[in-house]
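Novice:
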Amino acid sequence: MSLDVRVEKKTITTERFDLRPVRLSDMGLIEHYASDKRVACNTSSIPHPLPPGTTDAFVARVTAPDTTEDVWALDATRVGGPELMGLVSLMDMDRNQTEVGYWIAPQYWNTGFASDAVRALVEANPFGNGTMFASVFQDNPASAKVLTNCGFEYIGDAEVFSIARNAKVPTWTYLKTLK
Numbered sequence: 040m041s042l043d044v045r046v047e048k049k050t051i052t053t054e055r056f057d058l059r060p061v062r063l064s065d066m067g068l069i070e071h072y073a074s075d076k077r078v079a080c081n082t083s084s085i086p087h088p089l090p091p092g093t094t095d096a097f098v099a100r101v102t103a104p105d106t107t108e109d110v111w112a113l114d115a116t117r118v119g120g121p122e123l124m125g126l127v128s129l130m131d132m133d134r135n136q137t138e139v140g141y142w143i144a145p146q147y148w149n150t151g152f153a154s155d156a157v158r159a160l161v162e163a164n165p166f167g168n169g170t171m172f173a174s175v176f177q178d179n180p181a182s183a184k185v186l187t188n189c190g191f192e193y194i195g196d197a198e199v200f201s202i203a204r205n206a207k208v209p210t211w212t213y214l215k216t217l218k
């Protein structure tokens with residue numbers, strides 16, 4: 040997908056929840072969950088403690104028409120569940136590739152929601168990408184299992200700087216070929 044041609048995000052329906060575009064009303068729950076050290080320390084980009092205005096800036100960035108990061112909320116209200124259980128995203132890369140990212144609120148860990156969300160995003164392939172990449176911290180094997188459950192293959196080790204940890208963290212990198 041070209042960076043200058045955006046496709047409107049559609050809601051992706053699963054049996055247990057919908058993946059819907061992030062909206063302004065999500066700010067409170069995003070801030071609540073992202074403020075949790077367990078969530079922040081399993082990402083490279085969420086600071087801990089969460090500074091004032093961080094969530095506002097995030098939501099403004101991912102809802103802007105020219106965003107290069109498309110984010111969906113896991114919303115189970117259709118089936119009588121919570122409005123927001125986590126986020127899953129696709130970040131544009133070059134050569135028809137995207138990078139998958141996700142986090143789930145701790146009370147929904149070990150429920151299969153992360154695997155279901157990533158699997159739904161891969162199956163929908165909303166931007167018609169040929170390849171999806173993802174990386175997880177090596178001290179988070181549950182997140183690695185999400186990727187292998189969804190058919191991603193391990194391709195190597197790397198490291199990334201984690202803002203919450205204020206350190207470089209070893210990662211495992213995964214790839215899923217879609218076309």
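The sequence shown begins at 40 in this note's numbering and counts up by one. All residues carry an ideal CB built from backbone N, CA and C; glycine is no exception.
(1) If you reduce the DSSP assignment to three classes, tell me which class Gly169 lands in.
(2) Which value, in whole angstroms, describes the spacing of the CA atoms of Val101 and Gly120?
(3) Would Ser83 and Asp109 qualify as a contact pair, given that the criterion is a beta-carbon distance under 8 Å?
(4) Put Glu128 into one of helix, strand or coil per three-state DSSP.
(5) Whose C-alpha, out of Thr53, Gln136, His87, is nearest the C-alpha of Trp111?
(6) Which of the three DSSP states, helix, strand or coil, is assigned to Ile194?
(7) Taking only runs that begin and end inside the region 80-166, name each unbroken beta strand (DSSP E) of 3 or more residues, in chain order.
(8) Nearest CA to the CA of Phe152: which residue from Tyr213, Ser64, Arg55?
(9) Whose C-beta lies closer than 7 Å to the C-beta of Asp114 among residues of the same chain, with five residues either side of it excluded?
(10) Have a look at the DSSP bridge pairing and note the partners of Ile202.
Specialist: Judging by the given coordinates:
(1) The answer is coil: DSSP assigns Gly169 none of H, G, I, E or B.
(2) Looking at the two C-alpha atoms, the distance is approximately 24 Å.
(3) no
(4) Contrary to the premise, residue 128 reads as Ser rather than Glu in this sequence. Strand.
(5) Thr53
(6) strand
(7) 108-114, 125-131, 136-143
(8) Arg55
(9) Phe56, Asp57, Arg59, Glu122, Leu123
(10) Per DSSP, none; premise fails for Ile202.
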